[in-house]
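A.B. asks: Let me give you the structure first, and then I'll get to my questions.
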Amino acid sequence: MSTDTRSASRMGTAPMGPLLFSLAIPMMVSMLFQALYNVVDSIFVSYINEAALSAVSLAFPIQNLMIAFAVGTGVGVNAYVSKSLGEGNRAEADRTAANGLFLALCTFVAFFVFGLVGVSAFMNSQTEDPLIRQYGNDYLSVCCIFSLGCMIQCMVEKLLSATGRSNYAMITQLVGALTNIVLDPILIFGLFGFPRMEAAGAAAATVAGQFLGAITGLYLNLRHNHDIQFRLQDFRPQGRTIRRIYQVGIPSIAMTSVGSVMTFCMNRILIAFSSTAVAVFGVYFKMQSFIVMPLIGLNNGMVPIIAYNYGARKPERIVKVIKMSVTAAVAIMLLGFAAAQLWPGAMLSIFNAGPDMLALGEVALRIISFHFIVAGFNIVVSAVFQALGRGVMALLVSLVRQLFVLVPVAWLLSLSGNVNLIWWSFPIAEVSSLILCSLFLTHCYRTVVRPMREPAATQS
C-alpha cells in the first residue's frame, strides 16, 4: 500500500492518541493563527481610535456569517469525504471535493452582491454615529466584495484535513495569517510608501492573506493530496452529493450563523449603554477566539476520525476519540478561564483600552469566562453530532444557547440598567447547553454507536 493511500486508512488502524494529536495539533496551531486574522485587525484598528474598534465589532456579525458558510460547507465536505473513503468509495470522495469547490464559488457570489448593495444598510441599522458608520462601511465592503479567497481557503483546508493531511492544512493557515499580520500595519497606517487606508487597510490585509492561503491550499491539494483526484467532470453539480454535503453542512452553517444573529442582538442591547460596551464585547469575542479556536482545530482532527470509523463500523475507536477530545478540550478551556480571571487588564491593554474600557472590560471578562468551565465539553460534543450525521442536534444546542437563552436573558438583565449584569447571560446559557448536549450524546450512543457493537458481540 502506498504512503498516500495509508494517509486516510490509518484513521481506522493507528493508535488513537498519536493519531488524534497528529491530526489535531497542526490544526490547533493553524486555528490559533486563524484567530489572529480578526484579532490583529482589531489591535491595529484600536490605535486609530475607539470609533474604528467599535465599527469592526459591529461588522463582526457579517464576517462571522461569511465564515459560517465557508466553514460549514467545508465541514460537510470534510465529513462526507472521510466517510466515503472509510467505505472505500473514492469516486464519491472525488465528486464531493469538486462539488465543494463549486459551492464555495456560489457562496462567494452571494457575499459579493451583499458587499455592493447591503453593507451601508447593515451598518446604518446598528448605529447613528457617522464616523463609526464610515469605518464600518469601509471595512466590511472590502471583506465581502473580495471574499472569494476566504471561501476557497476554507474549502481546501477541509479537504486536506479530511484525508489526514493536517500539516498541509496548517501551512495553508499560516501563510494566510502571516500575510495578514505583516500587511495590517502597512496598509492601516500607510507605511513604506503605501497610502494610509485605516479600517479599509485592515480589511485589505485580511483578504490578501485569504487569497494567498487559498492559492497555497489549492497547490498542496493538487500536489500532495492523492486520496482525492480533481477531474473536470466532477465539477458538474450533483444533486445527491450536494444533499449529502449539506446534511452536515447546513446545520453547521446555521449553528455558526446563529452566532451572527446573537452578536447583532447583543450589539443592539449594549449600544443602548455606550459604544464602549460594544467595543468591550468585540474585544471579548476576539480574545475568546484564542481559546476556542484550538478547540475547533481539535474538532477538525477528531471529525474525520469519527466519520471514517463510522463508515468502517468501528465503534470502539469512535468512543475512544470522543473521550480523549473532551478531556483535552476541558483542559484548554480551564486555562482560558484562569487567564481571564487573573489578567483581564493585561488582555484588554493589548487593544489600547482607555480607563473607561478597562473598568468595564475587567468586570466583563471575569464574569463571562465562567462559561469556559463547561464550554469545552459542549464544543466537542457538538462536533461529534456533526461527524455522526446528526448535525440537527448540534444546531439545536446552538439555538438554545445563543438565541433561546443568551439573548433573552441578556435583554432581561439589561432592564436593570446595570450593564455588568448582562455578562452573566453567558454562563447561564452555557449551563443550559451542557444539559442538552448530555442528553443528545446519550441518545447518539444508544442509537448509533451501541448498535454497531451488537453484531460483533453476537458473532463472537
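Quick note: the sequence shown uses my numbering, first residue 4, plus one each step. Idealized CB from N, CA, C, for every residue including glycine. Since the structure is predicted, the reported quantities are computational estimates derived from the model, not experimental observations.
(1) Does the Cβ of G212 have 16 or more other Cβ atoms within 10 Å, making it buried, or fewer, making it exposed?
(2) Hey, quick one: how far does the alpha helix (DSSP H) through R136 stretch, first residue to last?
(3) If we call anything under 8 angstroms between Cβ atoms a contact, is I274 one with T219?
(4) Assuming contact is defined by CB atoms lying nearer than 8 angstroms, are A202 and A356 in contact in what I supplied?
(5) In or out: C157 buried (at least 16 other Cβ within 10 Å) or exposed?
(6) Nearest to P318 by CA position, among R369, R453, V412, is which residue?
(7) Report the residue ranges of all alpha helix (DSSP H) runs contained in full by the region 16-55; include only those spanning at least 4 residues, in chain order.
(8) Once the 5 residues before and after M455 are set aside, which same chain residues still bring their CB inside 7 angstroms of it?
(9) Under the three-state reduction of DSSP, which class applies to P198: helix, strand or coil?
(10) Could you give the distance in angstroms between the alpha-carbon of G364 and the alpha-carbon of L418?
(11) According to DSSP, is S277 part of a helix, a strand, or is it coil?
(12) Do L61 and T110 count as a contact pair if the criterion is CB distance below 8 angstroms?
(13) Taking the C-alpha atoms as reference points, what is the distance between V333 and R393?
(14) Would Q236 be called buried (16 or more neighbouring beta carbons within 10 Å of its own) or exposed?
(15) Identify, in the order they occur along the chain, each residue of the same chain with its Cβ nearer than 8 angstroms to the Cβ of F380, setting aside the five sequence neighbours on each side.
(16) If you follow the alpha helix (DSSP H) that S128 is in, where does it begin and where does it stop?
(17) According to DSSP, is T182 helix, strand or coil?
(18) DSSP on H446, reduced to helix/strand/coil?
(19) Quick one: residues in its chain with C-beta nearer than 8 angstroms to the C-beta of F238, no 5 flanking neighbours on either side, listed in chain order?
(20) Decide if the region 278-289 is in contact with the region 40-53; the criterion is three or more beta carbon pairs, one per stretch, under 8 angstroms apart.
(21) Does the pairing of the region 67-81 with the region 158-168 give three or more beta-carbon distances under 8 angstroms?
(22) Would a C-beta distance cut-off of 8 angstroms place G118 and A217 closer than the cut-off?
(23) Can you grab the Cα-Cα spacing for the pair S385 / Q291, in whole Å?
(24) Could you pull out every residue in the same chain whose Cβ sits closer than 8 angstroms to the Cβ of C447, ignoring the five residues on either side in sequence?
(25) Would you be able to state if there are at least three C-beta pairs under 8 angstroms between the region 167-184 and the region 19-38?
(26) With DSSP run on the structure shown, which of helix, strand or coil describes S463?
(27) Compute the distance between the beta-carbons of P430 and H374, then report whether it is under 8 angstroms.
(28) Within 10 angstroms of its Cβ, does G348 collect 16 or more other Cβ (buried), or is it exposed?
(29) Quick one, which of I382, A107, A280, M19 has its alpha-carbon nearest L56's?
(30) Short check: CB of A206 to CB of D132, under 8 angstroms?
(31) Beta carbon of L225, beta carbon of F233: below 8 angstroms?
(32) Are the Cβ atoms of M34 and L22 separated by less than 8 angstroms?
(33) My output table needs one value for S441: the three-state DSSP class, helix, strand or coil.
(34) Can you give me the start and stop residues for the alpha helix (DSSP H) that R98 sits inside?
(35) Below 6 angstroms CB to CB, which residues in the same chain sit around A367 once its five sequence neighbours on both sides are set aside?
C.D. replies: So, from the data block:
(1) buried
(2) 133-148
(3) no
(4) no
(5) buried
(6) R453
(7) 19-49
(8) R316, P318
(9) coil
(10) 20 angstroms
(11) coil
(12) no
(13) 23 angstroms
(14) exposed
(15) V329, A332, V333, L437, C440
(16) Counting along the chain, S128 falls outside any alpha helix (DSSP H), and DSSP gives it neither H nor E.
(17) helix
(18) helix
(19) A101, N102, L104, F105
(20) yes
(21) yes
(22) no
(23) 18 angstroms
(24) V387, F388, L391, R393, M396
(25) yes
(26) Because S463 carries a pLDDT of 36, less than 50, the predicted location of this residue cannot be relied on, and no value is offered for it.
(27) yes
(28) exposed
(29) A280
(30) no
(31) yes
(32) no
(33) helix
(34) 93-120
(35) V283, W426
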